[in-house]
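Enquirer: Have a look at this one.
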Amino acid sequence: MNKISVLFVCLGNICRSPAAEAIFIRLLEKKGLTDAFIVDSAGTGSWHIGKKADSRMRIAAERRDINILSRARQINSKDFEEFNYILAMDDSNFKNIQDLKNRTASNGFASIKKIQDFRSVFNEQEVPDPYFGGDEGFDYVLDILEDSVNGFMESIS
């Protein structure tokens, strides 16, 4: 059986996308589906490559028993061929992903979508970037991501 591969993408890969990755992994663990998936996250920018997720996001996630273990990396042309789904956190990320795909003339099969396309509770069209805000913004982003990640899981089940 081929594994389903999912890549979550935000700007720097230190707040939203690693949180979405960790939430999805936790959901897969609860459903006993970890062996059926490959899950990763990336950023459209290169500022934080190799760094852990923002400590504020890690702390907020840990309060929910979500462990963010990934290190930041930048999305690249191979990702369009290696992932079934590439999920952007906001319109700017979505555009940057599409631009990269067009620039590299990738013939990859990845379905590129916005994570908020799968929301059911929150009205936000985008997942806000909490990086420059206060601690409460990280909790709010986790609320939004838990909703959208669950919706995504339902859409592919």
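1027 is the number of the first residue of the sequence shown in my numbering; add one for each residue after it. All C-beta atoms in this analysis are idealised placements derived from N, C-alpha and C, irrespective of residue type, glycine included. Nothing here was measured: the structure is a model prediction, and the numbers come from that model.
Could you tell me whether the Cβ atoms of V1175 and I1049 are closer together than 9 Å?
Expert: Taking 9 Å as the Cβ cut-off, V1175 and I1049 qualify as a contacting pair.
Enquirer: For R1035, which residues of its own chain have a beta-carbon under 8 Å away from its beta-carbon, when the five flanking residues on both sides are left out?
Expert: First, the amino acid is wrong: residue 1035 is Val here, not Arg. Closer than 8 Å at Cβ, skipping near neighbours: S1043, S1067, A1068, G1069, T1070, I1101, I1112, L1113, A1114, M1115, N1119, I1123.
Enquirer: Assign R1097 to one of three DSSP states: helix, strand, or coil.
Expert: Note: R1097 maps to strand in three-state DSSP.
Enquirer: I need the straight-line Cα distance from A1079 to A1131, nearest angstrom please.
Expert: So the alpha carbons of these two residues sit roughly 30 Å apart.
Enquirer: Report, in whole angstroms, the separation of the C-beta atoms of E1047 and V1065, which I expect to be a contact under 8 Å.
Expert: With a Cβ gap of about 6 Å, E1047 and V1065 count as contacting.
Enquirer: With 16 other CB atoms within 10 Å as the buried threshold, where does G1159 fall?
Expert: Exposed, by the Cβ-count rule.
Enquirer: Just curious, the beta strand (DSSP E) that S1067 is in, first and last residue?
Expert: Segment 1063-1069, the beta strand (DSSP E) holding S1067.
Enquirer: Can you tell which of M1083, I1182, L1168 has its C-alpha closest to the C-alpha of V1184?
Expert: Summary: the structure shown does not reach residue 1184, with the chain confined to residues 1027 through 1183, and so no result is reported for it.
Enquirer: My understanding is that A1098 touches K1077, with C-beta atoms under 8 Å, so please give their C-beta distance in whole angstroms.
Expert: A1098 to K1077, Cβ: 5 Å. Contact.
Enquirer: In angstroms with no decimal places, state the Cα-to-Cα distance between Q1151 and A1136.
Expert: Looking at the two C-alpha atoms, the distance is approximately 21 Å.
Enquirer: How is the alpha helix (DSSP H) around I1046 delimited, first residue to last?
Expert: Before going further, note that residue 1046 is Ala rather than Ile in the sequence given. Element bounds for A1046: 1042-1057.
Enquirer: Leaving out five residues on either side along the sequence, give the residues of the same chain with a beta carbon under 6 Å from the beta carbon of P1154.
Expert: Result list for P1154: empty, nothing under 6 Å.
Enquirer: I'd like the list of long-range same chain contacts for K1029, defined as Cβ closer than 7 Å, with 5 residues on each side in sequence excluded.
Expert: Cβ neighbours of K1029 beyond the five flanking positions: A1062, F1063, I1064.
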